[in-house]
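Asker: I'd like to ask some things about the structure below.
2 protein chains.
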Amino acid sequence: MSIVETADAEGTVSLHQRILSDISERIMSGAWAPGHRIPFEHELSTQYNCSRMTVNKALSQLAKAGLIERRRRSGSFVRRPQSQAAVLEIHDIRIEVEALGLPYRYERVARHKRRSSAEDRALLEQGVAGPVLALECGHFAGERPFAHEQRLINLTAVPEAADEEFVVIAPGPWLIGRVPWSEAEHRIRAVAADRHIAVALDIAAGAPCLVVERRTWSADHPVTHVRFTYAAESHTLVARFRPSQG
Amino acid sequence: MSIVETADAEGTVSLHQRILSDISERIMSGAWAPGHRIPFEHELSTQYNCSRMTVNKALSQLAKAGLIERRRRSGSFVRRPQSQAAVLEIHDIRIEVEALGLPYRYERVARHKRRSSAEDRALLEQGVAGPVLALECGHFAGERPFAHEQRLINLTAVPEAADEEFVVIAPGPWLIGRVPWSEAEHRIRAVAADRHIAVALDIAAGAPCLVVERRTWSADHPVTHVRFTYAAESHTLVARFRPSQG
DNA sequence: TGTTTTAATATGTATATACATAATCGTCAT
DNA sequence: ATGACGATTATGTATATACATATTAAAACA
């Protein structure tokens with residue numbers, strides 16, 4: 006997402022939006038190089054014939070987006086690109102499959118309720134042992150396996166999950182909207198399919214797979230750990246770029 | 006990144022920051038569930054004993070962050086988490102290697118200047134044929150290959166690159182800071198190593214690899230296409246979670 | 001000359017005010 | 001009932017103003 010909002014059909018944008026996009030344009034195009042001092046608020050308010058507050062609103066947003074740095078008494082300066090960040094959109098698998106024009110099918114393979122093992126606790130980053138729900142699910146695109154899901158749900162954080170069989174609804178959509186998440190972490194890597202995954206995805210053992218692991222917290226309590234395994238041919242993650250972001 | 010700024014040592018935060026974090030806290034904790042109508046601006050301005058403008062500043066930021074949705078005449082409502090977006094930090098490979106405590110070494114394997122082929126144009130999403138620079142580079146962690154880089158640079162967009170040998174400096178760091186980028190796209194997938202990659206990374210042919218491809222534009226002109234290939238064991242991409250983001 | 005004090009300046013935050021805009025509600029006529 | 005229409009209401013944007021705060025430049029002083 007760009008910090009510049011797209012104008013609507015009539016092209017009516019607010020003044021501070023226009024100031025923001027004008028300046029952002031000049032920075033992006035390189036016309037104002039990193040280190041360059043952009044005009045003072047009072048200069049811009051004269052240029053645009055508006056109040057300083059309006060200019061301030063635009064510049065504050067640019068500063069928050071990391072495009073400029075503001076220093077009292079000195080002015081505002083174009084920042085040099087720092088950490089490059091890309092936004093990964095994490096879609097629902099059903100949506101992904103249907104976007105391919107293929108019929109989606111979900112299947113619960115296994116479901117076990119147990120007291121968390123040391124391994125479970127490591128995956129969940131859970132402090133003390135407690136009840137967990139371990140799920141294994143298949144996601145299909147047409148007849149072909151699309152992704153294999155291995156999930157742990159912390160029943161201390163989400164006790165209602167104990168009453169759910171997850172035969173009809175997949176745990177992902179079930180959790181979303183029910184549990185407010187505050188933080189999560191993704192790990193993405195390539196692995197060779199082990200025997201178990203090879204059978205589940207109907208590929209050769211040792212074939213390359215993309216693994217996306219996600220750990221979710223809600224208010225400092227671990228909620229779930231999920232590992233999606235995709236056969237190499239079936240999946241590419243796409244990330245849009247975000248300039249800036251301080 | 007949280008939209009709630011961290012307070013400084015004395016705990017002095019501006020009032021609109023406090024309002025923002027109070028509300029954000031209640032949403033994150035689930036106290037205010039999705040669909041809940043949060044108090045009107047005039048109610049909050051009474052509660053906090055401040056002007057409506059101050060409340061508006063906080064709520065506007067929450068809306069932009071995607072935590073709430075604002076509807077005229079109706080009020081502001083907690084949004085249910087929509088598209089989940091994760092921020093991928095794209096680091097410099099040198100930094101990544103050095104973070105592992107290993108000595109970093111860069112090596113230019115090949116460099117060809119040529120008129121762009123149909124394949125080149127497809128990778129760059131370049132309209133018409135023009136001069137391109139094709140580079141192949143190795144990145145090493147200690148003695149082991151860490152990543153293999155295959156890059157195309159559009160010499161129409163970056164003519165100075167034609168004079169650079171890229172023996173000492175890697176093309177990534179060279180381009181960064183020199184070319185202001187405005188947009189990019191990443192594709193991440195797992196592949197089996199072909200003969201060429203297997204030799205370059207010193208792994209078996211067919212072994213799983215993580216491929217990160219990046220295409221960069223600057224002011225609508227394609228600048229570069231790069232493909233990094235990592236041996237499966239050597240690399241995991243980590244993404245932090247961003248709740249919201251409309 | 002070197003140090004301290006003071007003034008000037010740009011940004012940061014907050015206020016009261018004004019009017020625009022979109023959506024909803026109630027009323028009234030059909 | 002149903003539709004038109006005006007009143008109401010919450011948000012959206014912008015203004016002029018005020019004072020706080022950080023930082024730098026200039027002036028005063030030892």
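From first to last, the protein sequence lines stand for chains E and P. Going by the numbering used here, 90 is the number at position 85 of the first sequence; the sequence numbering is gapless. Going by the numbering used here, 204 is the number at position 199 of the second sequence; the sequence numbering is gapless. C-beta: ideal position from N, C-alpha, C; glycine also.
#1: Using a Cβ-Cβ cut-off of less than 9 Å, give me the residues of the region 180-201 of chain P that come near chain E, in sequence order.
#2: Roughly how many angstroms lie between the CA atoms of R113(E) and A175(E), to the nearest whole one?
#3: Run through chain P and tell me which residues come within less than 7 Å of L93(E), C-beta to C-beta.
#4: Checking 8 Å against the spacing of the C-beta atoms, do E160(P) and G135(P) come in under that value?
#5: Less than 8 Å between the C-beta atoms of H191(P) and A152(E), yes or no?
#6: Does the count of Cβ pairs from the region 126-133 of chain E and the region 99-118 of chain E closer than 8 Å reach three?
#7: Apart from the five residues just before and just after V184(E), which ones in its own chain have a Cβ nearer than 7 Å to its Cβ?
#8: For T17(E), count neighbouring C-beta atoms within 10 Å of its own C-beta (all shown protein chains included) and say buried if the count is 16 or more, exposed if not.
#9: What beta strand (DSSP E) runs, 3 residues minimum, are completely inside the region 191-233 of chain E?
#10: Less than 8 Å between CB atoms is the rule here; does A237(P) satisfy it with respect to chain E?
#11: With 8 Å set as the bound, which would you pick, yes or no: does the beta-carbon of R5(P) sit closer than that to a beta-carbon of chain E?
#12: Kindly say whether A14(P), judged by its beta-carbon, lies nearer than 8 Å to any beta-carbon of chain E.
#13: Alpha carbon to alpha carbon, how far is A38(P) from W179(E)?
#14: Compare the C-beta of H21(E) against all C-beta atoms of chain P and say whether one is closer than 8 Å.
#15: At what residues does the beta strand (DSSP E) containing L64(E) begin and finish?
#16: Check whether the region 50-68 of chain P and the region 206-221 of chain E are in contact - that is, three or more C-beta pairs closer than 8 Å.
#17: Name the chain E residues that come within less than 9 Å of C252(P), Cβ to Cβ?
#18: Does DSSP classify S81(E) as helix, strand or coil?
#19: Note down the Cα distance separating E48(E) from R245(E), rounded to an integer number of angstroms.
#20: With a cut-off of 8 Å, does the C-beta of E224(E) fall near any C-beta of chain P?
#21: Between the beta-carbon of E154(P) and the beta-carbon of V231(P), is there less than 8 Å?
#22: Using the DSSP secondary-structure output, state which residues sit across from R183(P) in a beta bridge.
#23: Within the same chain, show all residues whose beta-carbon is closer than 6 Å to that of H240(E), passing over the 5 residues directly before and after it, in chain order.
#24: Which residues does DSSP list as the beta-bridge partners of L157(E)?
#25: For E15(E), which of helix, strand or coil comes out of DSSP?
#26: Out of P150(E), L72(E), A146(E), G132(E), which one is the CA nearest neighbour of L105(E)?
#27: Can you tell me whether DSSP reads H47(E) as helix, strand or coil?
#28: Take Y53(E) as the anchor and find which of R84(E), L20(E), I32(E) has the nearest alpha-carbon.
#29: What is the DSSP secondary structure of P150(E), reduced to helix, strand or coil?
#30: T17(P) versus chain E: which residues are under 8 Å apart at the beta carbon?
Answerer: By the coordinates alone:
#1: I181, G182, V184, P185, W186, S187, E188, A189, E190, H191, R192, I193, R194, A195, V196, A197, A198
#2: 8 Å
#3: A90, A91, L93, A244
#4: The question names Glu, yet the displayed sequence has Leu at residue 160(P). Yes. Within cutoff.
#5: no
#6: no
#7: V163, S223, V228
#8: exposed
#9: 213-223
#10: yes
#11: Absent from the model: residue 5(P). The displayed extent of chain P is 6 to 251, so no value can be given.
#12: In this prediction, A14(P) scores a pLDDT of 44, lower than 50, which makes its location untrustworthy; no coordinate-derived value is stated.
#13: Whole-angstrom Cα-Cα distance: 15 Å.
#14: no
#15: First-last for L64(E): 57-70, but that is the alpha helix (DSSP H), not the beta strand (DSSP E).
#16: no
#17: The structure shown does not extend to residue 252(P), since chain P is modelled only from 6 through 251, so no value can be given for it.
#18: Looking at S81(E) - three-state DSSP - the assignment turns out to be strand.
#19: 35 Å
#20: According to the sequence displayed, residue 224(E) carries Ala and not Glu. A224(E) counts as touching chain P.
#21: yes
#22: Beta-bridge partners of R183(P) (DSSP): none assigned.
#23: L215
#24: A139(E), H230(E)
#25: Residue placement at E15(E) is flagged as unreliable, the pLDDT there being 49, under the threshold of 50; the coordinate-derived value follows with that caveat. Three-state DSSP puts E15(E) in coil, outside helix and strand.
#26: A146(E)
#27: helix
#28: L20(E)
#29: strand
#30: Simply none; closest approach about 16 Å.
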